[in-house]
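Accompanying notes for the structure given below.
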Amino acid sequence: MKKFLIKYNLEILTTLMFAFVTMVAILNATPSIVQKMLVVYVFLFTLHEWEENRFPGGFVKIMEGMIGKKFSEDAKELSHIPVIILLLLIHVIPYLFDSVVYLTLIPVFLGVFEGFVHTMGVKLSKAEKFYTPGMVTAYMMLAVSVFSICYLTANEMITGKDCLLGIACMFASFAIMQNRVLAINGISYKDMLNIIKAKR
2 MKKFLIKYNL
12 EILTTLMFAF
22 VTMVAILNAT
32 PSIVQKMLVV
42 YVFLFTLHEW
52 EENRFPGGFV
62 KIMEGMIGKK
72 FSEDAKELSH
82 IPVIILLLLI
92 HVIPYLFDSV
102 VYLTLIPVFL
112 GVFEGFVHTM
122 GVKLSKAEKF
132 YTPGMVTAYM
142 MLAVSVFSIC
152 YLTANEMITG
162 KDCLLGIACM
172 FASFAIMQNR
182 VLAINGISYK
192 DMLNIIKAKR
């Protein structure tokens, strides 16, 4: 069962996300605006995982090239599990507690962060063309995030405090997920910092 979960992690993520969207569509006939936003992010983050890992895929290979270390196939597959857990948590919890708006800002700010990461990835990986696997969907998330922030601000649905809490929660949750991914592949944050410094 464990091998099945690891091997078909992307298909499982897609199924869970689709089930979530289907369930909320059936159970919630009048979703709030932030709940509607979260449904959009469910689709975008799912597509993002497919672009990074399957079509065209190759994001892990870029990471291997940057780090200078070859990951085992088992480790590469297993490292998707923390990502799945993160994506489920940052969408399901804010949907259930949509009145706590800073929770909704976690995927919103993560969308902004993904746009930045993939842009920097071109430079750090010394890519021949301006593209890293996942960049198209990352920029889509960035665009939706900018719109979401503008909409929520214009309608006085978020405050500066909400934004600070959202950013803090986003970085904290992302750091925990990334720590687990790196640990699975035998890499520490110190190793990553040294690599980034060397690429400057």
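Each residue of the sequence shown is one higher than the last, beginning at 2 in the working numbering. A virtual CB, placed ideally from N, CA and C, is assigned to each residue, including glycine.
Who are the near neighbours of S146 in its chain, counting only those whose CB is closer than 6 angstroms to its CB and skipping five residues on each side? Shown here for S146: same chain residues with a beta carbon closer than 6 angstroms to its own, the five before and five after excluded, namely V109, G112, V113 in chain order.
Just mark Y132 as buried or exposed, buried being the case when its beta carbon has 16 or more other beta carbons within 10 Å. Y132 should be labelled exposed.
Enumerate, from N- to C-terminal direction, the unbroken alpha helix (DSSP H) stretches of 4 or more residues contained entirely within the stretch 118-183. Within the stretch 118-183, the complete alpha helix (DSSP H) segments of 4 residues or longer fall at 136-155, listed in chain order.
Return the chain-ordered list of same chain residues with a C-beta closer than 7 angstroms to the C-beta of A76, the five sequence neighbours on each side being excluded. These residues qualify, in order along the chain: I185, N186.
Nonlocal neighbours in the same chain, by C-beta distance under 7 angstroms from S80, ignoring five residues either side: Cβ within range, chain order: V182, I185, N186.
Please determine, among T120, L39, W51, the residue with the shortest C-alpha to C-alpha distance to S149. Checked all of T120, L39, W51; the closest Cα to S149 is L39.
At what residues does the alpha helix (DSSP H) containing K62 begin and finish? Where K62 is concerned, the enclosing alpha helix (DSSP H) stretches over 60-68.
Rounded to a whole number of angstroms, what is the C-alpha to C-alpha distance between S174 and E129? Here the alpha carbon of S174 sits roughly 32 angstroms from the alpha carbon of E129.
Alpha carbons only, please: which of A144, I13, V43 is nearest the one belonging to I91? Between I91 and the set A144, I13, V43, the nearest pair of CA atoms involves V43.
Alpha-carbon to alpha-carbon, A30 and E115: Distance between the alpha carbons of E115 and A30: 31 angstroms.
Where L104 and I27 are concerned, what is the direct C-alpha to C-alpha distance, given to the nearest angstrom? Counting only the Cα atoms, I27 lies some 23 angstroms from L104.
Whole angstroms are fine: how far does the CA of C151 sit from the CA of K162? Computed Cα separation, rounded: 16 angstroms.
Under the three-state DSSP convention, the category P108 falls into: When DSSP states are grouped into helix, strand and coil, P108 belongs to the helix group.
Going by C-alpha distance, which of V102, K37, M136 is nearest F56? It is M136.
First through last residue of the alpha helix (DSSP H) which encompasses P83: Residue range 81-97 is occupied by the alpha helix (DSSP H) that includes P83.
Pairwise C-alpha distance: H119 and A139: Near 7 angstroms, if we compare the C-alpha coordinates of H119 and A139.
For A30, does the three-state DSSP call read helix, strand or coil? The answer is coil: DSSP assigns A30 none of H, G, I, E or B.
Do L106 and M178 come within 8 angstroms of each other at the CB atom, strictly closer than that value? Cβ distance not < 8 angstroms, so M178 and L106 don't count as in contact.
Assuming contact is defined by CB atoms lying nearer than 8 angstroms, are M121 and H49 in contact in what I supplied? It is not a contact, given that the beta carbons lie outside the stated cut-off.
Whole angstroms is fine: what's the gap from F24's alpha carbon to V102's? One detail in the question is off: residue 24 reads as Met in this sequence, not Phe. If you take the alpha carbons of M24 and V102, they lie about 21 angstroms apart.
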